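For the sequence shown, our numbering begins at 13 and goes up steadily by one.
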Amino acid sequence: MKDIGQVVKAVISAMIGIGKKENLSKDFGRAEKHGPLAYIIVGLIMTGIFIGAIVLAVGLVLS
């Protein structure tokens, strides 16, 4: 479960454009060790949540 939390943290920081170089190198090392599938899945889920939030916000403003 700790690994999933780190993947989510890495994806969120990548989406908003913040992060440190040492964390980036740790993320690349983790992706090389375990594969990029977790990052891809979490990235797709977070993108869906982001798009849903935008659609919800626009719907609330326009109603």
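Beta carbons are placed, not taken as given, at the ideal position from N, Cα and C, and that holds for glycine.
If you're wondering where the values come from, they're calculated on a predicted model, not measured in any experiment.
{"Check": "In the structure shown, what three-state DSSP assignment does LYS21 receive?", "Outcome": "helix"}
{"Check": "Let's see if you can read the secondary structure: which residues bound the alpha helix (DSSP H) around SER75?", "Outcome": "Run containing SER75: none; DSSP gives neither H nor E here."}
{"Check": "Taking its Cβ as the centre, do 16 or more other Cβ atoms sit within 10 Å of ALA65, making it buried, or is it exposed?", "Outcome": "exposed"}
{"Check": "Does the contact criterion of 3 or more C-beta pairs under 8 Å hold for the region 65-74 versus the region 35-50?", "Outcome": "no"}
{"Check": "If you follow the alpha helix (DSSP H) that LYS33 is part of, which residue opens it and which one closes it?", "Outcome": "33-46"}
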